[in-house]
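Right, one structure below, let's go through it.
Numbering (the numbering used here), first residue to last: 18 to 532.
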């Protein structure tokens, strides 16, 4: 793209007019109002510089993004980074000179261009830039400007109008002689000017640097866009080799960002047939009517900026497998008679609403995400078979089955103070309210209620038995225990308990020694 499409912008025209206004004011006597005007012009130029710097930041980002998706843009991005370094160094040099000037004219090391004294001083700028160090500061500044100008011109086509604009903005040529008097570039910029005017001219120089930088960045970006595709949408994607992974295997996927154009007239064919495209993205929907590996041969047609179509092809495949049932016994592959047994049933490729379940020797009810199974009374020692089928695409398919053993609920352990045998202090035993039945090493939370027991002990050489018709110690039982001495044996026998199955079970006895 030719730089002829980069004429002087309205902002550049405005800055040029302010520069003419500034020059005209210099011909007048310096007054307080005039110094204030210089300051206002300087502030306006600085605001313009801030705006252009933000635009440059956006352009650098665009060039970097272009280099990611377009290899042809790599060189432009590398050139842009060189421009950024050179332009930033020059702007820093200008800002450092401004800071040195105001600190010198104010005789204050804390002075800044926004807060200083001596705005009407007409000697310090020339002293700093032309007199001190033999004028090295102005020579170094001039050399740095020419260095940036040559760099920028090196990236622009020879017939580009942009070359003329950049050359004019960064010109360090001596001005045209007036009335036979020839002044240098340094003299024009820094001699016989009040400090506020010199600072405004330095800000104008910064503005020229940033505008030239922005113009050339736009030029580099436009060169990259020639013949390239436009994208307005970038999305992260995870492309998995498979979304189902066997335990012991590994999950493999490609993680990337994909660019698309939601406004483009994109056409996509898969296996020779057009598929619907919405906002630049195709939607492939294929009925899984048979098992096996299925090929995907896709053709994606994009239209370039010049309207020329370009076709991209890609090949892939997927596999259709028969659905498999998964029946997970929550408490082992055993059903217990007399209680509700929780079971989870699922099948990959089918949701719970599609499943049909049948059981032998048992009934079931839906509860939450699973089922509660209750086996038929009197079936302990046998088995229950769960069979699962599913309605897939209007057809009933058998998914599999699993056998479960049917067992009686094991008898609980009778305990007092958490003990079924061993030593116990008389005081601790007397504090207990009764005998309790506990299920040890059993996954179900079942509650058994003791319905009777007998406390036996040898008292004065005679065996004494005291019964209870519930799970609580009777006063007679406690009195018997209270009368015994240390080392005496206490036996609790004939213990019976009733559980959720409503069947009375005989429990093992308890043997305790008073300590």
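For every residue, glycine included, the Cβ atom is placed at its ideal position computed from N, Cα and C. Fair warning: this is a prediction, and the values are worked out from it, not measured in the lab.
- Burial of residue 224 is indicated by the presence of at least 16 other C-beta atoms within 10 angstroms of its C-beta.
- Contact between the stretch 397-414 and the stretch 432-441 is absent: fewer than three C-beta pairs spanning the two stretches fall below 8 Å.
- The straight-line gap separating the alpha-carbon atoms of residue 114 and residue 235 is approximately 29 Å.
- Two segments are said to touch when three or more pairs of C-beta atoms, one from each, lie closer than 8 Å; by this definition the stretch 86-102 touches the stretch 167-175.
- For residue 97, the uninterrupted alpha helix (DSSP H) run begins and ends at 91-123, by DSSP.
- For residue 384, the enclosing beta strand (DSSP E) stretches over residues 379-384.
- With a threshold of 16 other beta carbon atoms within 10 Å, residue 227 meets it and is buried.
- In terms of CA proximity to residue 361, 386 leads the group 147, 386 and 377.
- Beta-bridge annotation (DSSP): residue 353 is paired with 424.
- In the same chain as residue 143, and ignoring 5 residues on each side of it, the C-beta atoms closer than 6 Å to its own belong to 207 and 208, in chain order.
- Straight through space, the alpha carbons of residue 307 and residue 301 are spaced by roughly 17 Å.
- Rounded to whole angstroms, the gap between the alpha carbons of residue 377 and residue 397 is 13 Å.
- Contact between residue 488 and residue 452 holds: CB atoms are separated by about 5 Å, below the 8 Å threshold.
- The Cβ atoms of residue 229 and residue 72 do not sit closer than 8 Å to each other.
- Straight-line measurement puts the Cα of residue 64 at about 25 Å from the Cα of residue 138.
- Distances from the alpha-carbon of residue 305 to those of 87, 283, 289 and 334 put 334 closest.
- The continuous alpha helix (DSSP H) containing residue 82 extends over residues 49-86.
- Around the beta-carbon of residue 494, 16 or more other beta-carbon atoms lie within 10 Å, marking it buried.
- Considering only 364, 394, 389 and 220, the residue with the shortest C-alpha distance to residue 355 is 394.
- Beta-bridge pairing by DSSP links residue 372 to 407.
- The alpha-carbon separation between residue 189 and residue 202 amounts to approximately 6 Å.
- Annotation for residue 154: the continuous alpha helix (DSSP H) segment containing it runs 153-171.
- Distance from the CA of residue 49 to the CA of residue 118, rounded to the nearest whole angstrom, comes to 20 Å.
- Distance from the CA of residue 120 to the CA of residue 128, rounded to the nearest whole angstrom, comes to 5 Å.
- With contacts defined by Cβ atoms closer than 8 Å, residue 423 and residue 352 form a contacting pair.
- Burial is judged here by how many other beta carbons sit within 10 angstroms of a residue's own beta carbon; residue 122 has at least 16 and is buried.
- Residue environment for residue 213: buried (at least 16 other C-beta atoms within 10 angstroms of its C-beta).
- Residue 317: member of the beta strand (DSSP E) spanning 309-320, first to last residue.
- Annotated three-state conformation of residue 429 is coil, per DSSP.
- As a beta-bridge residue in DSSP terms, residue 489 pairs with 451.
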